[in-house]
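K.L.:
One structure follows; several queries about it will come next.
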Amino acid sequence: MNLNSCYHCGADCGKNPIHFNEKDFCCNGCKTVYEILNANELSCYYDLESSPGTIPKEIQGKYNYLENEEIIEKLLEFNDSETSVVEFYIPSIHCSSCIWVLENLNKINNGVLTSMVNFPMKTIRITFKNKETNLKQLVELITSIGYEPYISLEDADSKRIKIDKTLIYQVSIAAFAFGNIMLLSFPEYFAVNEFWLEKYKPLFRWLMFFMAVPVVFYSAKDYFISAYKGIKHRILNIDVPIALGISVLFIRSSIEIILDIGSGFFDSLAGLILFLLLGKFFQQKTYNFLSFERDYKSYFPIAVTIIVEGVEKSISVNDVVKGNRLLIRNEELIPVDGILINGNAAIDYSFVTGESVAVIKQSGDKLFAGGKQTAGAIEMEVISTISQSYLTQLWSNDVFNKTNDVTIKNITDTISKYFTFAILFIGISAGIFWYFYNASMAINVVTAVLIIACPCALALSAPFAIGNMLRIFGYKKFYLKNAETIENMAKIDTIIFDKTGTITSSDKTQLSYKGEEFSNEELSLIKSVLRASNHPLSRSLYEYIDVETSIENPTSFQEILGKGIVAIINNTEIKLGSASFVGSDVVGINETAIYIKINNRLKGGYIFKNNYRAGTKEVFENLSKKYNLVILSGDNDGEKKFLKELLPINTQFQFNQKPESKLEYIKALQNKGNKVMMIGDGLNDAGALAQSNVGIAISEDVNVFSPACDAILDAKFFNKLPKFLTLANKTIVIIKASFVFSFLYNIVGMYFALTGQLTPVIAAILMPLSSISIVIFVTILTNWISKKIE
């Protein structure tokens, strides 16, 4: 390699190469890649000095089958002419370092747009540019840096994931060894001076040693790996004291066996590891159960419109089957893969790929789930159904997550870190004291301290409390994006409500018309335009107009959020929306209305008499006791007088607000230190929902699915909102109580360990029991407080 060549990519630097670790790099990007790979012991990527960065020979050709278009189509979740998305199961993901390197693939391969790791599921989701890289190159890349994906062509259609049974094998080996070591140790326990036992005692001790070796180096290997990775990155994680305790026991016991000065503590060692693994197994099973419950039951209350023999009706997205004909309105999410039948399709796939440029599709083209239609209504035929877990994955995409302040997770991690420092200090101090006081007790005391004081129970309390509450909320039709949403709900002091479609019910709205009479042809055209819109008022008016329509799609359609619609259909321009949008100078009408102008001639307006959701008055009265309440609406103040009589006296009102005005209003409150919850319809309020500390979208019978919201509430359960907020607050109280419980346990356990009254094996039994008790504590309490929601 010449002096002007980049060590990472081999390119000529041109000038001023960056010198790092005796290597030259052409840019900071290549330097960062080297740092990532080197920090994770993946510098073998550079071993081939003649061509660094190339794929190792041992895997060249192994993935040639990924050039087959049929196989590629089965594996890809999304694929258009520009971008593709694929998800791989990677069994070797095991720590934060793995996440780090895998989420920086874009710095190794320029064709990768994003790569996101789901650590519990051990999967990585990669979005890449088709013209710059391909599936085969990606698989070769992640395999070459040590993360070979599990790809089963037989499972490609069903997306089944191979179950990792490593923990089961580790527990089995530890249990087998523990049982046999205990039997071999009986002569030592009872100090029997029998001839044959004395003669074969050395053999028994060496058998115990050989049985302990696989327990330490296989069953307990994850503790050592985790501790090593943590120390390497200058982090003292909770596995450091556990690994230290195991090491001390094994080394001390081995020395006794080798020097023939004692039988060691192999029985305690095997028991310690067995009970640690049993606790870990229990935690894993419980976590998987909660995850399954949430994933299986968290069906968003999203309906989609299907067309059956020309009749439109709404069904649950979960009931969509192959062959259904769907109507996708403007700004609606495409919930399943399908073929475009008719309509002007301009699909925004930013939800899936991060690319915001709309993709134009023609009749017969394939449409992928997760895209959003942006140019009126389209019709499509379903070619494959989709599981709700995919929608959950899109919704929980890190791209749309908000930056939070201090959270329970941050607090837990911080406490765990300082816990480890404290444990090591106390353990070393106790060892020094007992060495001079009673040397034979020193090793037992140190090991017991390191084990009993492990903050595992502390680390478990928040995930299990919040995980269980997420599941409970899901059963009650209140769907939260993540754990942080519950924490943020507990901090709220101001709640802002949109009016139309949020506190009003679109299915009970009363309508009247004022103006020139429409012909049947004009009404048919108006209805066809309204059919493409997803706005609550548009939907109400569409249902209200009773006229047969040919269901033609507008040749031009533009919906301006918060204002109205401009469309051309059958060479007729139709403009409908607010009075200011259509240019109406009507005086005296100060109500919620849709005004209509046809070919630049104002015809009249439909006046809406809103019907408010059941329990609205009670909801506001309950919330007013603790929160500042605001009505923030894009409508005029025609119903302000009525709302003042309906709602509590301290409710504030802001009308005639554009979408951007709502966002700025929330920003202003936040700048004053307020924690704001925004409740809207998910369409006009997307910006406000994203800006707020907690954004809740009310879902009725339309497919409004916004990445901006933190929660989705079924409109039928709007009256339960105060109880949901109360539960969020009580959940945080339960977590803090469990922290106290865990601290008390550690203090009591530490006392018995320091005074030499606690053996390592008893400590190993008590440690998982403490974790189990914390899980039971938070689970019972969260279930108990949730009983108040009927």
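Quick note on our numbering: the sequence shown kicks off at 14 and runs consecutively.
Cβ coordinates follow ideal geometry from the N, Cα and C atoms, glycine included.
1. Ignore the nearest five residues each way along the sequence and tell me which others in A225's own chain have a CB closer than 8 angstroms to its CB.
2. If distances are taken between C-alpha atoms only, which option among S397, K379 and A358 comes closest to I3?
3. Have a look at E681 and S591 and give me their C-alpha separation to the nearest angstrom.
4. Thinking just about the alpha-carbon of each residue, which of I456, G389 and N584 is nearest to the one in L767?
5. Where in the segment 666-694 do unbroken runs of the beta strand (DSSP E), each at least 3 residues long, occur, reported from the N-terminal end onward?
6. Would you give the residue range spanned by the alpha helix (DSSP H) that M502 belongs to?
7. If S327 sits next to L290, beta carbons under 8 angstroms apart, how far is it from one beta carbon to the other, in whole angstroms?
8. Between which two residues does the beta strand (DSSP E) carrying G275 extend?
9. Helix or strand or just coil, what does DSSP make of T127?
10. Any chance you could list the beta strand (DSSP E) runs of at least 3 consecutive residues sitting entirely within the segment 523-578, in chain order?
11. Is it the case that the Cβ atoms of E2 and G258 are separated by a distance below 8 angstroms?
12. Can you give the Cα-Cα distance for I789 and I112, rounded to whole angstroms?
13. In terms of alpha-carbon separation, which member of S474, Y448, I505 and Y608 lies closest to K527?
14. For my contact list, K576 and I558 are in at a C-beta cut-off of 8 angstroms; report their separation, rounded to the angstrom.
15. Let me make sure I understand the geometry here. Which of V542, T398, F510 and N742 has the alpha-carbon closest to that of K572?
16. DSSP three-state call for N355: helix, strand or coil?
17. Exposed or buried, which one is T513 when buried takes at least 16 other CB atoms within 10 Å?
18. Who pairs with E394 in a beta bridge, going by DSSP?
19. Check for me: the beta strand (DSSP E) holding T585 runs from which residue to which?
20. Quick one: give me the first and last residue of the beta strand (DSSP E) that L645 is part of.
21. For G42, does the three-state DSSP call read helix, strand or coil?
22. Per DSSP, what are the beta-bridge partners of Q386 in this structure?
23. Which of helix, strand or coil does DSSP assign to G159?
24. Check G284 in the structure and name its three-state DSSP category.
25. Bridge partners of L89, per DSSP?
26. Looking at the structure shown, is I31 part of a helix, part of a strand, or coil, going by DSSP?
27. Assuming I508 is part of the beta strand (DSSP E), what are its boundary residues?
28. With respect to the beta strand (DSSP E) encompassing A710, which residues constitute its N-terminal and C-terminal limits?
29. Are the beta-carbon atoms belonging to P661 and L645 less than 8 angstroms from one another?
30. Please report the distance separating the alpha-carbon of V99 from that of E345.
31. In chain order, what residues of the same chain lie with their CB nearer than 6 angstroms to the CB of Y309, ignoring the 5 residues before and after it?
32. Considering only DSSP beta bridges, list what T140 is partnered with.
33. Pick from L493, K685, M690 and I611: whose alpha carbon is nearest that of L636?
34. Which two residues bound the contiguous alpha helix (DSSP H) that contains V761?
35. Classify T450 as helix, strand or coil using the three-state DSSP reduction.
P.N.:
From the atom records:
1. Closer than 8 angstroms at the Cβ level, and outside the excluded window around A225, lie A190, I194, F263, S266, F279, L282 and A283.
2. Outside the displayed span of the chain (14 to 803) sits residue 3, for which this structure offers no information.
3. Checking the sequence, you will find Ala at residue 681 rather than Glu. Those two C-alpha atoms are separated by around 26 angstroms.
4. The shortest Cα separation from L767 among I456, G389 and N584 belongs to I456.
5. 689-693, all fully within the segment 666-694.
6. First-last of the alpha helix (DSSP H) with M502: A496 to K504.
7. In this structure, S327 and L290 do not form a Cβ contact; the two beta carbons are roughly 50 angstroms apart against a cut-off of 8 angstroms.
8. No beta strand (DSSP E) holds G275; DSSP gives it neither H nor E.
9. The DSSP-derived three-state label of T127 is strand.
10. For the segment 523-578, whole beta strand (DSSP E) runs of length 3 or above, ordered along the chain, are 523-528 and 569-573.
11. A question about residue 2 goes unanswered here, because the residues of the chain that appear run from 14 up to 803.
12. So the alpha carbons of these two residues sit roughly 31 angstroms apart.
13. The option with the nearest alpha carbon to K527 is Y608.
14. So it is not a contact: roughly 21 angstroms between Cβ atoms.
15. According to the sequence shown, residue 572 is Glu rather than Lys. Nearest option by C-alpha distance: V542.
16. In this structure, N355 counts as strand in the three-state DSSP scheme.
17. Around the beta carbon of T513, a 10 Å sphere encloses 16 or more other beta carbons of the protein chains shown; the residue is thus reported as buried.
18. According to DSSP, which records beta bridges pairwise, E394 is partnered with R338 and I352.
19. DSSP places T585 inside the beta strand (DSSP E), whose first and last residues are T585 to G590.
20. First-last of the beta strand (DSSP E) with L645: N641 to L645.
21. Unreliable placement is indicated for G42, whose pLDDT of 49 sits below 50; no coordinate value is reported for it.
22. As a beta-bridge residue in DSSP terms, Q386 pairs with I360.
23. DSSP places G159 in coil when its eight states are reduced to three.
24. Looking at G284 - three-state DSSP - the assignment turns out to be helix.
25. V99.
26. At I31, the pLDDT of 40 sits below 50, so the modelled position is not reliable and the matter cannot be decided from this model.
27. For I508, the uninterrupted beta strand (DSSP E) segment begins and ends at T507 to F510.
28. A710 -> beta strand (DSSP E) spans V707 to S712.
29. Not in contact: P661 and L645 (Cβ atoms no closer than 8 angstroms).
30. Distance between the alpha carbons of V99 and E345: 24 angstroms.
31. Residue placement at Y309 cannot be trusted, given a pLDDT of 48 that sits under 50; what the coordinates show is reported in the next sentence. If the five residues before and after Y309 are omitted, its C-beta is found closer than 6 angstroms to no C-beta atom of its own chain.
32. Per DSSP, V98 and T127.
33. A check of alpha carbon separations from L636 across L493, K685, M690 and I611 identifies M690 as the nearest.
34. L734 to L767 is the span of the alpha helix (DSSP H), which, as asked, contains V761.
35. Note on residue identity: the sequence assigns Tyr, not Thr, to residue 450. The answer is helix: DSSP assigns Y450 an H, G or I state.
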